[in-house]
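Report on one structure; see the data block that follows.
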Amino acid sequence: MYELNRKLKDLVPYTPIQGEYKIRLDANESCFDLGRELKEKLCGEIKKLAFNRYPDPMANGAIAAFAEYYGVDSSLVTAANGSDELISIISSTFLESGENVVTLSDDFSMYAFYGSIYETNPLVFQKNSDLTIDVEKLIAFCNDNNARMLIFSNPCNPTSLGLERQDVLKILSGVNESCLVVLDEAYMDFWSESLLDRINDFSNLIILRTCSKAVGLAGIRMGFAVANKKITNALRAVKSPYNTDLISQKTAEVVLSEKELLQERAKLMTEGRKQLYEAFSEFEKTSQKISKVYKSSTNFVYVKTDNADEIFEFLLGKSIAIRKFKGFLRISTGTADENAELLKALGEIL
Ligand SMILES: *Cc1c(COP(=O)(O)O)cnc(C)c1O
51 MYELNRKLKD LVPYTPIQGE YKIRLDANES CFDLGRELKE KLCGEIKKLA FNRYPDPMAN
111 GAIAAFAEYY GVDSSLVTAA NGSDELISII SSTFLESGEN VVTLSDDFSM YAFYGSIYET
171 NPLVFQKNSD LTIDVEKLIA FCNDNNARML IFSNPCNPTS LGLERQDVLK ILSGVNESCL
231 VVLDEAYMDF WSESLLDRIN DFSNLIILRT CSKAVGLAGI RMGFAVANKK ITNALRAVKS
291 PYNTDLISQK TAEVVLSEKE LLQERAKLMT EGRKQLYEAF SEFEKTSQKI SKVYKSSTNF
351 VYVKTDNADE IFEFLLGKSI AIRKFKGFLR ISTGTADENA ELLKALGEIL
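Residue numbers (our numbering): 51 to 400.
Printed below as a string of C-alpha cells:
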C-alpha cells in the first residue's frame, strides 16, 4: 500500500469560493477586464505567434514592458508563472532544509505553506494586536533566530496596512545580511512606498510584483522578481526554462505597455477603496456589527467583526462574494456600480 508522506497526507487543494456570483469582491482582482479594444489588439498580436515553438525562456518582451512601466533595469527582472511560482522557487532553492524562515501573522498564507512543504523551518512573528508591525522587534526576532529568509507583503494582504519606506529600509539595514528579505509588493500599485528604486542598495533583497492585481491579468499568471544581478542570475538559472508561456508573455507585454490606461484604472480602484473605507468607518460608528476597519493602502478593505459569518452569508444571498477570515472580512473594491450595490446590501444588514 503506497502511503503519502507527512507533508502530503492532510493537504487539500486550494479552492476559491465556488459557484456563480454576480459581484466578485473576494480575490482582490482588478474589477476591470481589458476591454474590447485592447483584446482586439492582443488577438492581433497572438495571431502572429508560432505556437509550435517553445517560448522565450527569459520572457524578454514581457520583462522589457515591465521594466519600462516601473522604471527598473530589465537585466534585474525575472518573469514567472505568477508571483506564486516565485515564492515557491525562492523557498525551495534559496533555503536549505531546516533553515529558519520568518513569516508574519497575519500575512499571505502561501509563505508559510511553501516554507513547510520544502522542509524549511517557518517561524511566525506575531504582529501587534492592531495588526501593525513592531519593526525593532521583528529585526531582533530575525537576528536572534539566525533567519535565512524573511518574507512579507507590503502593503499587506489580508490586513491592507502598509509599512512606509523608511520602516522597510530600517528592516533591511537591521537584519543580518545572511538573511534574504523577500518583499512582496503585490499591492504597491495602489500605494507609493515601493523600494524598487533601491534594489541595488542591498545584497539580500528580492522584490516581487504581480500582474494579477492592479494590472488586471490574474487570468494569465504572470509575476516578476526584481533583485540585484547576482540574485537575478541565480533565479534565472534555477527556474524551469519555459516557466512562462507564449500567450502570457505576449499578453503581459501588450498590457504593460498601456501605461496611461493602467494608471487610470489603478487610480479608480484606489478611489473605490477609499469609498469603501469611508463607508465602513461610518458603519464602525453606527453598527454594533463592525468593530473596526483598517487604514487601507490596497484595493481592498479589511474589517474586524464578530459577525463575519452572518454578513458573509447575507451578501452571498445577494450574489455578492467577499472573503471571510476568522473574525474578519476582506472586501475588494469593485466598479462604482458594484460598490453601490454592496453598500446598499450592507446598509440592510448593518
Ligand atoms: C494576490 C497576491 C499575489 C499574487 O500572486 P500571483 O501568483 O502573481 O497571482 C502575491 N502576493 C500576495 C500577497 C497577493 O495577495
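We treat Cβ as the ideally placed atom computed from N, Cα and C, and that holds for glycine.
Please tell me whether, using a cut-off of 8 Å, the distance from the CB of R380 to the nearest non-hydrogen atom of ligand 1 is below it. Translated into positions along the sequence shown, residue 380 becomes position 330. No, ligand 1 has no heavy atom inside 8 Å of this Cβ.
Can I137 be considered in contact with ligand 1, in the sense that its beta carbon sits closer than 8 Å to one or more heavy atoms? What you label residue 137 is simply residue 87 of the sequence shown in a count that begins at 1. Yes; taking the cut-off as 8 Å, the Cβ of I137 has a heavy atom of ligand 1 nearer than that.
Cβ of L200 versus every heavy atom of ligand 1: is any distance shorter than 8 Å? Position 150 of the sequence shown holds residue 200. False, no ligand heavy atom lies under 8 Å from that Cβ.
For ligand 1, list every residue whose C-beta falls under 5 Å from any of its heavy atoms, going in chain order. G132, S133, D134, F158, S203, N207, D234, A236, T260, S262, G273
Can you name the start and end residues of the alpha helix (DSSP H) that S416 belongs to? Given a span of 51 to 400 for the chain in the structure shown, any question on residue 416 remains unanswerable.
Every unbroken alpha helix (DSSP H) within the segment 149–225, with a cutoff of 4 residues, ordered by chain: 160–167, 185–194, 215–224
I need the DSSP call for G69, collapsed to helix, strand or coil. Counting from one through the sequence shown, the residue named residue 69 turns up at place 19. Residue state, collapsed to three classes: coil.
With R56 as the anchor, note down where its alpha helix (DSSP H) starts and where it stops. Here the question's residue 56 lines up with position 6 in the sequence shown. Its alpha helix (DSSP H) spans residues 56–59.
Per the DSSP calculation, A129 is bridged to which residue(s)? As a working note, residue 129 is residue 79 in the sequence shown. A129 is bridged to F274.
My guess is that I370 and L392 are in contact by the Cβ rule of under 8 Å, so how many angstroms apart are they, rounded? The residue given as residue 370 occupies position 320 in the sequence shown. The residue given as residue 392 occupies position 342 in the sequence shown. Correct: roughly 6 Å between the Cβ atoms.
Express the C-alpha separation of C206 and A162 in angstroms, rounding to a whole number. Residue mapping note: residue 162 aligns to position 112 of the sequence shown, counting from 1. Residue mapping note: residue 206 aligns to position 156 of the sequence shown, counting from 1. One C-alpha to the other measures close to 15 Å.
What distance in whole Å lies between the Cβ atoms of L200 and K177, which are believed to be in contact at a cut-off of 8 Å? Within the sequence shown, numbered from 1, the residue matching residue 177 stands at position 127. Within the sequence shown, numbered from 1, the residue matching residue 200 stands at position 150. Not quite, the Cβ-Cβ distance comes to about 14 Å (not below 8 Å), so this is no contact.
Starting from V353, follow its DSSP beta bridges and name the residues at the other end. One-based indexing of the sequence shown puts residue 353 at position 303. According to DSSP, which records beta bridges pairwise, V353 is partnered with V343, L379.
With DSSP as the reference, please indicate the residues paired to V35 in a beta bridge. Residue 35 lies beyond the stretch modelled for the chain, which goes from 51 to 400, so this question has no answer here.
List in chain order: all unbroken alpha helix (DSSP H) runs of 4+ residues lying wholly within the segment 283–309. 296–306
Can you give me the start and stop residues for the alpha helix (DSSP H) that E243 sits inside? Numbered from 1 along the sequence shown, position 193 holds the residue referred to as residue 243. Here E243 belongs to no alpha helix (DSSP H), and DSSP marks it neither H nor E.
Whole angstroms is fine: what's the gap from W241's alpha carbon to V185's? Stepping through the sequence shown from its first residue, residue 241 is reached at position 191. Stepping through the sequence shown from its first residue, residue 185 is reached at position 135. Rounded to whole angstroms, W241 to V185 spans 20 Å at the Cα level.
Is it a yes or a no for the segment 129–145 touching the segment 259–267, going by three-plus beta-carbon pairs under 8 Å? yes
Report the partner residues of R74 according to the DSSP bridge assignment. In the sequence shown, counting from the first residue as 1, residue 74 sits at position 24. DSSP lists A371 as partners of R74.
So, for R271: in the same chain, excluding its five sequence neighbours on each side, which residues have a beta-carbon less than 7 Å away from its beta-carbon? Here residue 271 corresponds to residue number 221 of the sequence shown, with the count starting at 1. Hits under 7 Å: N131, G132, S298.
Using a Cβ-Cβ cut-off of 6 Å (strictly less than) and excluding sequence neighbours within five positions of F202, which residues of its own chain qualify? If you number the sequence shown from 1, residue 202 lands on position 152. The residues are L154, D157.
Pairwise C-alpha distance: M108 and A329: In the sequence shown, residue 329 corresponds to position 279, counting from 1. In the sequence shown, residue 108 corresponds to position 58, counting from 1. In a straight line, the C-alpha of A329 is about 45 Å away from that of M108.
Any idea what DSSP makes of M51, helix, strand or coil? Translated into the one-based positions of the sequence shown, residue 51 becomes position 1. Coil, per DSSP.
Enumerate in chain order the residues of its own chain whose CB-to-CB distance from F274 is below 6 Å, with the five nearest sequence positions on each side excluded. Residue numbering aside, residue 274 sits at position 224 when the sequence shown is read from its first letter. Contacts found: F116, V127, A129, R259.
Assess contact between the segment 370–390 and the segment 73–85, defined as three or more Cβ pairs (one per stretch) separated by less than 8 Å. Is contact present? yes
Inter-residue Cα distance where the pair is L88 and Q313: For the purposes of this step, residue 88 is identified with residue 38 of the sequence shown, where counting begins at 1. For the purposes of this step, residue 313 is identified with residue 263 of the sequence shown, where counting begins at 1. If you take the alpha carbons of L88 and Q313, they lie about 15 Å apart.
Buried or exposed: which applies to A287, given that a residue is buried once 16 or more other Cβ atoms fall within 10 Å of its Cβ? For this step, residue 287 is matched to residue 237 along the sequence shown. It is exposed - the Cβ of A287 has fewer than 16 other Cβ atoms within 10 Å.
Residue interval of the alpha helix (DSSP H) (run including E118): The sequence position of residue 118 within the sequence shown is 68, counting from 1. Note, E118: alpha helix (DSSP H), 110–120.
In chain order, what residues of the same chain lie with their CB nearer than 8 Å to the CB of S166, ignoring the 5 residues before and after it? Numbered from 1 along the sequence shown, position 116 holds the residue referred to as residue 166. So the list reads K57, P172, once near-sequence residues are dropped.
Nearest candidate by alpha-carbon position, reference T170, set Y120, S124, L188, A197: Residue numbering aside, residue 170 sits at position 120 when the sequence shown is read from its first letter. Nearest C-alpha to T170: A197.
DSSP state of N389, grouped into three classes? Here residue 389 is taken as the residue at index 339 of the sequence shown, counted from 1. Helix at N389.
In terms of alpha-carbon separation, which member of D106, T65, K97 lies closest to N293? In the sequence shown, the residue the question calls residue 293 occupies position 243. If we check each option's Cα against that of N293, D106 comes out closest.
Which whole-angstrom value is the C-beta distance of A112 and E303, which I expect to be below 8 Å? Walking along the sequence shown from the start, residue 112 turns up at place 62. Walking along the sequence shown from the start, residue 303 turns up at place 253. Indeed, because the Cβ distance is near 5 Å, the residues count as touching under 8 Å.
Rounding to the nearest angstrom, what Cα-Cα distance links G322 and N55 in this structure? For the purposes of this step, residue 322 is taken as the residue at position 272 of the sequence shown. For the purposes of this step, residue 55 is taken as the residue at position 5 of the sequence shown. Roughly 46 Å between the two C-alpha positions.
Is E87 helix, strand or coil by DSSP? The sequence position of residue 87 within the sequence shown is 37, counting from 1. E87 falls in the helix class under three-state DSSP.
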